[in-house]
Amino acid sequence: MPFSTQFGANYLLIAEDNPGDVNVMRLALEEQGLPYDVEVVGDGEAAMAFIDAIESGIYPCPGLVLLDLNLPCIGGDQVLRRLRAAGSLCHDVPVIIVSSSLSPIDKAIADKLGAEAYFPKRCDIDQFLQIGPLVKQLLEARAKKLC
Amino acid sequence: MELATRQLLNALPEPLVIIEGTGRIVAANSAAGELFGAPASTLPDRQFQDLLATPPERLTRQLRIWSRSRDMVPGSLEVLVNGSRLPCHAQGGLYEPATAGTPARILLRLFRQESYNATFQHLNDRISQLNSRIAEEQRGAAALHGRRQLLRAILGSINEAVLATDEHGVITFMNPVAEALTGVNETDACGQQISSVLQLGKEGSEEPIPNPVLWALQENAPVTLAEPARYLLEGQPEHWLVGRCTLLHDAHGSLTGAVLALRDVTAERQNARALADSQERLRVALKNAPVVLYTTDRELRYTWFERAQQFLPGTCVLGKRDDEILPARLSSGLVDLKQRVLNTGIGERQEVRLDLPDGLRVVDLTVEPLYHEMEIVGLTVAAFDVSARALAEEETGRREREFRQLADSMPQLVWAAAPDGALTYFNERWYEFTGFEPGQTGDASWHPILHPDDLQRCTEIWHESVRTGSPYQIEYRFWDRKTERYRWFLGRALPVRGDNGEIVRWFGTCTDIDDHRRLVEELRSANEDLHQFAYSASHDLQEPLRMIVIYSQLLKRQFGDDLSGQVAEYLRYTVQGAQRMEALVRDLLSYTEVGAGGNADERTDCNEALSSALANLQFSIDEAGASIESTELPVLPVRRSDIVAVFQNLIGNAIKYRSEAPPHIRVRASRQREDWHFSVSDNGIGIPPQYHAQIFGLFKRLHTQGHSPGTGIGLALCKKIIERYKGTIWVEAEEGKGSTFHFTVHAPLSTAPGSNLVSLETPVL
Chain A
10 MPFSTQFGAN YLLIAEDNPG DVNVMRLALE EQGLPYDVEV VGDGEAAMAF
60 IDAIESGIYP CPGLVLLDLN LPCIGGDQVL RRLRAAGSLC HDVPVIIVSS
110 SLSPIDKAIA DKLGAEAYFP KRCDIDQFLQ IGPLVKQLLE ARAKKLC
Chain B
440 MELATRQLLN ALPEPLVIIE GTGRIVAANS AAGELFGAPA STLPDRQFQD
490 LLATPPERLT RQLRIWSRSR DMVPGSLEVL VNGSRLPCHA QGGLYEPATA
540 GTPARILLRL FRQESYNATF QHLNDRISQL NSRIAEEQRG AAALHGRRQL
590 LRAILGSINE AVLATDEHGV ITFMNPVAEA LTGVNETDAC GQQISSVLQL
640 GKEGSEEPIP NPVLWALQEN APVTLAEPAR YLLEGQPEHW LVGRCTLLHD
690 AHGSLTGAVL ALRDVTAERQ NARALADSQE RLRVALKNAP VVLYTTDREL
740 RYTWFERAQQ FLPGTCVLGK RDDEILPARL SSGLVDLKQR VLNTGIGERQ
790 EVRLDLPDGL RVVDLTVEPL YHEMEIVGLT VAAFDVSARA LAEEETGRRE
840 REFRQLADSM PQLVWAAAPD GALTYFNERW YEFTGFEPGQ TGDASWHPIL
890 HPDDLQRCTE IWHESVRTGS PYQIEYRFWD RKTERYRWFL GRALPVRGDN
940 GEIVRWFGTC TDIDDHRRLV EELRSANEDL HQFAYSASHD LQEPLRMIVI
990 YSQLLKRQFG DDLSGQVAEY LRYTVQGAQR MEALVRDLLS YTEVGAGGNA
1040 DERTDCNEAL SSALANLQFS IDEAGASIES TELPVLPVRR SDIVAVFQNL
1090 IGNAIKYRSE APPHIRVRAS RQREDWHFSV SDNGIGIPPQ YHAQIFGLFK
1140 RLHTQGHSPG TGIGLALCKK IIERYKGTIW VEAEEGKGST FHFTVHAPLS
1190 TAPGSNLVSL ETPVL
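Protein chains in written order, with the numbering used here: chain A, 10 to 156; chain B, 440 to 1204.
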């Protein structure tokens, strides 16, 4: 996985197995003009390995995580638990759960596990691109909080 | 002995014997000969003992008493006649005292009890004859005096009072018994009118009855006192007498006098009275007891029958045999039984069924031989009517057999238990299934085949049912020796109650539900799989559809200006097709989810559900300018999401299929017995009648995609939801005149609390 330390905290982590959705997310971020690099992991195991690397001090914490709930191998909910676990370096990193599920149960799970937002993948490009403003809003809120 | 004496003795009808104190017979008359079964002439010089069955020491004692008695003293002897014993009464007294060289002589009079009355008659006749002869011979024959003395001796020995009168009723003779009876001695009495010595009355009256002697003399005919007549003597208890007056005639037939023989029957009468009383008491006792008594003779003829009417109404049974009063099929068994007891002399007890005119009777017969003097002379029979018990037992037995036949014919395992839960019966199928020894029952008899994991649960539930008397139902596994595995059974048992509500028995069945249970499990599993599949499929189908839609849109968005009109049109079709398919998949997902999950106890306020549905439809409502009105709606035991979906689909359709005019939609609800009836009416385009049923089918649409959007799942979803609540859904519509959709929701009155359930339109029934 290509990675450069220059990202610092100014990178976003996308855990999503569907390259088509990753593309739309990148597009949405670009449209907002956000100065962030993007690191992508395609399944739950890769996401866990990435977090291990963060905990080992190899990588810094990302500025925000876009986490697909329905990841192969290890589910997004497990990854979210790991991020929000006590003592985790990323415990206050904003997380947006991205899911094609319309089930209110999935949204409830995301809330319980401490996700900042739940974004359903819509079957409409305009609606899907709304994820861009959402990311921007959360990043700005966090920047204010940190200052 | 003098010839005349012997002739006189022979003329007397009663057996008379003169014996010495030593027992040697001196003389015997011909009647005695008849009694002993030997000519009278052979009896003198024989030992009296040889003719008797009486033990010698008793005879000796008896002879000693008689030889000292100047009066006739009663005693009893048993005479041997042709080897059999014949009990006889005897009266004896001193006839001639002992002199030097000759022992005392005793006059002995013998008679059989049953011949007493006949004897009496004969005696009177003989006396009469004798008197005639005496009167005839009296005139010149002084020698007759001796005979008269003998006659006097004989008459003196007779136990009856004998009085003789002349033709005017003047007493000429009284024997000692008559003296004792009247309290007047013969000397004083002779010469007196008989009526002054003897006055008789009858029972229950103070009036005297005609003197029998005077009456006989007047009528010139013998008179018999058949009924006991009362004889009152001052200072003495009353006496009762029977007797007969015989007339005496001389050789020329002229009336010369009368002889009255009287027998004191006071003691007998008292005995008879006492006997009658006790018999009456016995009769009353028997009449009230459930027992019939009778006796028969050796020919099995009824000789006495207590309460015959109870068994054989209208039949006189005395003197008859069973085979004369009962049909052969009934009598043969009785006759066999009785004959056997007669032959063996051993009593028997047997239950006999008699099909009598008034119904079937079951009689418990106790037959015992009836002895008299060591001889079986007949039978005594006690018959208990045990019909009620026996028939009840038979009925119980018959029902039990019916139950067992039924139980054995059933494919289930059937069992029965006592009220305390002890297992008492299993049907054939049980023994066939378990391989246990037929007849093996008992509490633990089913444990060997029960799955060990089910044992405790089973035992607890069964004991609880037995304790509370509540029906027992449980599922458990039994080992099936044929397939060599455990099979599931449904065990059920109900208590059978008696007349007073007490449990008399438990009946239980074990039904093999293994196949059923496996099928249900398989079905449930298949349903779950199907549901899971539908969920995954719709979810997984949505992903690629989303890609098609999004990237088609992206193409148009980024290269729209560069695309030719045709390419843009093709892209539009691609997006429309994919979006439509996405909607189909989503609705299909909702359809499969009906009935899955949810809170069974959920209660929904339909007013609130309607508001939710309208909120969801707000965009369409505003766009179409629709107005919606509603009556007060009930609170129902339904899932909120279900009733929202129904309202949303029906109102959505009403808006979607509107006519030129702005949609006006009315929602109503009313109570109809155990259902709530809802209707949603619109003023839309209506539906041609031929499609009224079809529109509720899955994917059924009446309009093209272009004219009105829709997946064709909405009404099918409504139908599935409504049927889940035991309701129905239907439509009333005409093309161009609007539609009214009706549906009902089952909600029994008992489970519908709250005033808000009362419909404003229809009162609650």
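No residue lacks a Cβ here, since even glycine has one placed at the ideal position from N, Cα and C.
Beta-carbon separation (whole angstroms), residue i vs residue j, contact threshold 8 Å
i: VAL1085(B); j: ILE1161(B); result: 7 Å
i: ALA700(B); j: GLY682(B); result: 5 Å
i: ILE648(B); j: LEU656(B); result: Not really, about 15 Å apart at Cβ, beyond 8 Å.
i: VAL623(B); j: VAL609(B); result: Not really, about 14 Å apart at Cβ, beyond 8 Å.
i: MET57(A); j: VAL31(A); result: Not really, about 19 Å apart at Cβ, beyond 8 Å.
i: VAL905(B); j: GLY860(B); result: 4 Å
Cβ-based burial, residue i [other Cβ within 10 Å; buried from 16]
i: GLU738(B); result: exposed
i: PRO808(B); result: buried
i: VAL780(B); result: buried
i: LEU1072(B); result: buried
i: SER523(B); result: exposed
i: CYS82(A); result: exposed
i: GLY1175(B); result: exposed
i: ARG509(B); result: exposed
Residue i versus residue j - alpha carbon distance
i: GLU1113(B); j: LYS1159(B); result: 20 Å
i: GLN1015(B); j: GLU64(A); result: 47 Å
i: MET849(B); j: CYS949(B); result: 11 Å
i: GLU982(B); j: PHE872(B); result: 57 Å
i: GLY579(B); j: PRO478(B); result: Below a pLDDT of 50, predicted positions are generally treated as unreliable, and GLY579(B), at 45, falls in that range; no measurement from the model is reported.
i: LEU43(A); j: ASP135(A); result: 18 Å
i: ILE60(A); j: GLU48(A); result: 12 Å
i: HIS1185(B); j: MET986(B); result: 44 Å
i: ARG1025(B); j: GLN1087(B); result: 16 Å
i: ALA1054(B); j: TYR974(B); result: 27 Å
i: PHE137(A); j: PRO113(A); result: 18 Å
i: GLU914(B); j: ASP1040(B); result: 26 Å
i: LEU549(B); j: LEU769(B); result: 48 Å
i: ARG792(B); j: LEU799(B); result: 7 Å
i: THR626(B); j: VAL816(B); result: 51 Å
i: THR499(B); j: SER506(B); result: 10 Å
i: SER108(A); j: SER1118(B); result: 39 Å
i: GLY51(A); j: LEU22(A); result: 11 Å
i: THR481(B); j: GLN631(B); result: 46 Å
i: THR1179(B); j: GLY1153(B); result: 16 Å
i: THR1167(B); j: ALA1048(B); result: 19 Å
i: ASP101(A); j: PRO71(A); result: 10 Å
i: TRP854(B); j: PHE917(B); result: 15 Å
i: THR783(B); j: VAL774(B); result: 14 Å
Chain-order list of residues whose beta-carbon lies under 7 Å from that of residue i (same chain, five-residue window excluded)
i: ALA1155(B); result: TYR1030, PHE1135, GLY1136 and LEU1137
i: ASN27(A); result: none
i: GLN486(B); result: GLY462 and ARG463
i: GLY1123(B); result: ALA1093, TYR1096, ARG1097, SER1098, PRO1102, GLY1177 and SER1178
i: GLN992(B); result: VAL1014
i: ALA1065(B); result: ILE1094, PRO1101, PRO1102 and ILE1104
Own chain residues within Cβ distance below 6 Å of residue i, not counting five before or after
i: GLN912(B); result: ARG931
i: PHE612(B); result: ALA603
i: SER1051(B); result: VAL1083
C-beta neighbour in chain D for residue i, strict 8 Å
i: GLU1041(B); result: The chain labelled as chain D is not found among the protein chains of the depicted structure, namely A and B.
Own chain partners of residue i with C-beta closer than 8 Å, once the 5 adjacent residues on each side are dropped
i: ILE105(A); result: LEU73, VAL74, LEU75, LEU76, ALA124, GLU125, ALA126, TYR127, PHE128, ILE140, LEU143, VAL144 and LEU147
i: GLY786(B); result: VAL780, THR805, VAL806, GLU807 and PRO808
i: ALA857(B); result: THR863, ARG944 and TRP945
Mind listing which residues of the segment 983-1010 of chain B have their C-beta closer than 8 Å to chain A's C-betas, in chain order?
Flagged, chain order: LEU984, ARG985, MET986, VAL988, ILE989, TYR990, GLN992, LEU993 and ARG996.
Which residues, taken in chain order from the segment 119-137 of chain A, show a beta carbon closer than 9 Å to some beta carbon of chain B?
Cβ contacts with chain B: LYS130, ARG131, CYS132, ASP133, ILE134, ASP135 and PHE137.
Interface positions of the segment 953-983 of chain B facing chain A (Cβ-Cβ less than 8 Å), listed along the chain:
Per Cβ criterion, the list reads HIS978, GLN981 and GLU982.
Taking any Cβ of chain B, which residues in the segment 86-109 of chain A have a Cβ under 7 Å from it, in chain order?
So the list reads SER109, given in the order they occur along the chain.
Proximal residues, the segment 1013-1027 of chain B versus chain A, C-beta separation under 7 Å:
Answer in chain order: GLN1018 and GLU1021.
Residues, ordered as in the chain, of the segment 44-59 of chain A that lie near chain B by beta-carbon distance below 8 Å
Result list empty, no residue passes.
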